[in-house]
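Engineer:
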Amino acid sequence: MQLRKRVRRPVKKGLFYGLGLGLLLVALSVSLWRGLPLLRASAAVSPAAGADTPDRYEASAQRILAGMTREEKVWQMLVLFPQQVTGDAVSADAQLWQESLAARPVGGIVLDGDNMESEAQLRALLTAAGTAGAVPLLTCVDEEGGAVARVAYNLGAVTDFEPMFTYRGGGAETAFANARTLGSELSSLGFNVDFAPVADVWTNPDNAVIGRRAYSDDAAEAAALISAAVQGFHAGGTACVLKHFPGHGDTAEDSHVGAAYCYKSAAELRECELLPFAAGIAAGADMVMMGHITVPALDSARPATLSPAVVTGLLRQELGYDGVVITDALQMRALNVGGAEAAVLAVEAGCDLLLAPEDPAAVAAAVLDTVDEARLDESVLRILQLKLRRGIVAAP
16 MQLRKRVRRP
26 VKKGLFYGLG
36 LGLLLVALSV
46 SLWRGLPLLR
56 ASAAVSPAAG
66 ADTPDRYEAS
76 AQRILAGMTR
86 EEKVWQMLVL
96 FPQQVTGDAV
106 SADAQLWQES
116 LAARPVGGIV
126 LDGDNMESEA
136 QLRALLTAAG
146 TAGAVPLLTC
156 VDEEGGAVAR
166 VAYNLGAVTD
176 FEPMFTYRGG
186 GAETAFANAR
196 TLGSELSSLG
206 FNVDFAPVAD
216 VWTNPDNAVI
226 GRRAYSDDAA
236 EAAALISAAV
246 QGFHAGGTAC
256 VLKHFPGHGD
266 TAEDSHVGAA
276 YCYKSAAELR
286 ECELLPFAAG
296 IAAGADMVMM
306 GHITVPALDS
316 ARPATLSPAV
326 VTGLLRQELG
336 YDGVVITDAL
346 QMRALNVGGA
356 EAAVLAVEAG
366 CDLLLAPEDP
376 AAVAAAVLDT
386 VDEARLDESV
396 LRILQLKLRR
406 GIVAAP
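Residues in the sequence shown are numbered from 16 upward in steps of one, following my numbering.
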């Protein structure tokens, strides 16, 4: 039996170094959202860029982009399970990874329990995969703490936290400490992206798919905790992802198995669901993950992942976010169209990374045939700038 680590008690002193600005931005974000019916892009909170100016790495990214073929650009927009790249769920064979990434030069990989046999095997896989491609990979995992904790549950190789909702009474200090611990432990294993924190607000007591995965059932409290968590992940050395935009905490349905709906008005979303996302963006979150939820007040025909009104109109234009947007897993059943069509619609809506489609080759072919070069370049530039900013890719 694999033993889990004991939960580390958060340190109570010295953790607020660097948090002051973030908490100030939270207060500013909350006041802006509650005081204005609509934020124009020019007045929105600062875009996520790890506290860097948006164009700091643009020249280096442009040089890398100039050397990529159209096919390589499309594959750079996919994040797949290892077995979808190499045909083997656990292999750390360097030659296999080199050959596989030459054929499928993906932007990243995501690991779950099927990819974890032991801590040594996990480290070896991430090392082999991370150094095998022409453009180094985003190496991602779902490690939220609580019910969604791939490494803690399967290997016990990181701290086995309770759901983050449990720690909300500890305030920003605890949110920062827990995220810093997870970020540091994941980074030491070879991960550079954690699909956390959960920025949803748990407002519907019948919501089981999010529930205690959320940091709070209060929007203002969640905003402060999410801001601190973003800074904690960065202090630990890991990129982080706000999820599931525009907010999955008020749904009654599970988007993994079918359609999920949020029936709040746009004004209600601005008063609640959007506050933690605005705060996380202001704190420098590296990515935003779209939720496969339909919000009729924003777009009655398409889930948020596939909706230009939500991805481009709300997230990019209203919140002023110009960082990387990733879909939730495209294998989930809440999407109302097939995998290849969903991928194309997601890109056209404004998404940059396509997560775990069932048929990657079909998705790549559809995007290659349908999406114009300028749109591909927009997404790949964002991805490359993220990799440069996080030190995953060296500047040419």
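Yeah, the Cβ is synthetic: ideal placement off N, Cα and C, and Gly gets one too.
Is the region 386-396 in contact with the region 82-93, if contact means three or more CB pairs nearer than 8 Å?
Structural biologist: yes
Engineer: Counting C-beta neighbours from all protein chains within 10 Å, is the total for Asp384 16 or more, i.e. buried, or is it exposed?
Structural biologist: exposed
Engineer: Looking at the secondary structure, which residues open and close the alpha helix (DSSP H) in which Thr174 lies?
Structural biologist: Here Thr174 belongs to no alpha helix (DSSP H), and DSSP marks it neither H nor E.
Engineer: Taking the straight line between their C-alpha atoms, what separation do you get for Met347 and Val359?
Structural biologist: 16 Å
Engineer: Which value, in whole angstroms, describes the spacing of the CA atoms of Ser204 and Leu137?
Structural biologist: Correcting the residue type first, residue 204 is Leu in the shown sequence and not Ser. When rounded, the distance between both Cα atoms is 7 Å.
Engineer: Could you check what DSSP says for Leu329 in three-state terms: helix, strand or coil?
Structural biologist: helix
Engineer: Please name the residue in Asp233, Val256, Pro318 whose C-alpha comes closest to that of Ile296.
Structural biologist: Val256
Engineer: Using 8 Å as the cut-off, can you tell me whether the region 186-196 makes contact with the region 140-152, which would need three or more C-beta pairs spanning the two stretches below that distance?
Structural biologist: Counting Cβ pairs under 8 Å, fewer than three are found: no touch.
Engineer: I'd like to confirm the pairing. Which residues does DSSP put opposite Ile124 in its beta bridges?
Structural biologist: Leu95, Thr154
Engineer: For Asp103, I'd like the list of residues in its chain whose CB is within less than 8 Å of its CB, leaving aside the five on either flank, ordered along the chain.
Structural biologist: Pro97, Leu111
Engineer: Please report how far the alpha carbon of Phe260 lies from the alpha carbon of Leu284, in whole angstroms.
Structural biologist: 11 Å
Engineer: Have a look at Tyr168, Gly251, Lys279 and flag the residue whose alpha-carbon is nearest the alpha-carbon of Gly160.
Structural biologist: Tyr168
Engineer: Return the CA-CA distance between Ala274 and Asn351, expressed in angstroms with no decimal places.
Structural biologist: CA-CA distance, Ala274 to Asn351, rounds to 8 Å.
Engineer: For Glu288, is the classification buried or exposed, using 16 other Cβ atoms within 10 angstroms of its Cβ as the cut-off for buried?
Structural biologist: buried
Engineer: Take the Cβ of Thr84 as the centre, count every other Cβ of all protein chains shown within 10 Å, and call the residue buried at 16 or more, exposed below.
Structural biologist: exposed
Engineer: Report buried or exposed for Ser106, applying the criterion of at least 16 other Cβ atoms within 10 angstroms of its Cβ.
Structural biologist: buried
Engineer: Would you call the CB atoms of Ala294 and Ala357 closer than 9 Å?
Structural biologist: no
Engineer: CA-CA distance, Gln400 and Leu80?
Structural biologist: 10 Å
Engineer: Leaving out five residues before and five after Ala172 in sequence, what residues of the same chain have Cβ atoms less than 6 Å from its Cβ?
Structural biologist: Glu134, Val166
Engineer: Expressed to the nearest angstrom, what Euclidean distance is found between the alpha-carbon atoms of Leu53 and Glu333?
Structural biologist: In this prediction, Leu53 has a pLDDT of 31, which is less than 50 and means its spatial position is unreliable; nothing more can be read from the coordinates.
Engineer: Would you mind sorting Arg49 into buried or exposed? The rule is 16 or more other CB atoms within 10 Å of its CB.
Structural biologist: Only weak support exists for where Arg49 lies, its pLDDT of 48 falling under 50; the value from the coordinates is given anyway. That one is exposed.
Engineer: Helix, strand or coil for Phe260 per DSSP?
Structural biologist: strand
Engineer: Do you know offhand how far Tyr230's Cα is from Leu330's?
Structural biologist: For Tyr230 and Leu330, the gap between their C-alpha atoms comes out near 21 Å.
Engineer: Just grab the DSSP bridge partners of Thr309 for me.
Structural biologist: Tyr276
Engineer: Taking the alpha carbon of Ala281 as the reference point, which residue from Ser115, Leu141, Leu313 has its own alpha carbon closest?
Structural biologist: Leu313
Engineer: Count the other CB atoms, across all protein chains shown, that sit within 10 Å of the CB of Asn78; report buried if there are 16 or more and exposed otherwise.
Structural biologist: Going by the sequence as given, residue 78 is Arg instead of Asn. Classification of Arg78: exposed, given that the 10 Å Cβ count is below 16.
Engineer: Reducing DSSP to helix, strand and coil, say where Leu412 ends up.
Structural biologist: Here the chain covers residues 16 to 411 and nothing more, so residue 412 does not appear.
Engineer: Report the option in Tyr182, Gln246, Phe210, Phe248 whose CA atom is closest to the CA atom of Glu236.
Structural biologist: Tyr182
Engineer: Return the bridge partner residues of Leu368 from the DSSP annotation.
Structural biologist: Ile341
Engineer: Excluding the 5 residues preceding and the 5 following Leu47 in the sequence, name in chain order all residues of the same chain whose CB lies nearer than 6 Å to its CB.
Structural biologist: No answer about Leu47 holds up, because its pLDDT of 46 lies below 50 and its placement is not dependable.
Engineer: Go through its chain and collect everything with a Cβ distance to Asp129's Cβ below 7 Å, but skip five positions before and after it.
Structural biologist: Ala104
Engineer: Kindly list the residues whose CB is nearer than 7 Å to the CB of Thr101, restricted to its own chain and excluding five residues on each side of it in sequence; keep chain order.
Structural biologist: Leu111, Trp112, Ser115
Engineer: By Cβ distance below 7 Å, which residues in the same chain neighbour Ala361 in space, the five residues on each side in sequence not counted?
Structural biologist: Thr320, Leu321, Thr342, Leu369
Engineer: Under a Cβ-count criterion, where at least 16 other Cβ atoms within 10 Å of its own Cβ denotes burial, should Tyr72 be classed as buried or exposed?
Structural biologist: buried
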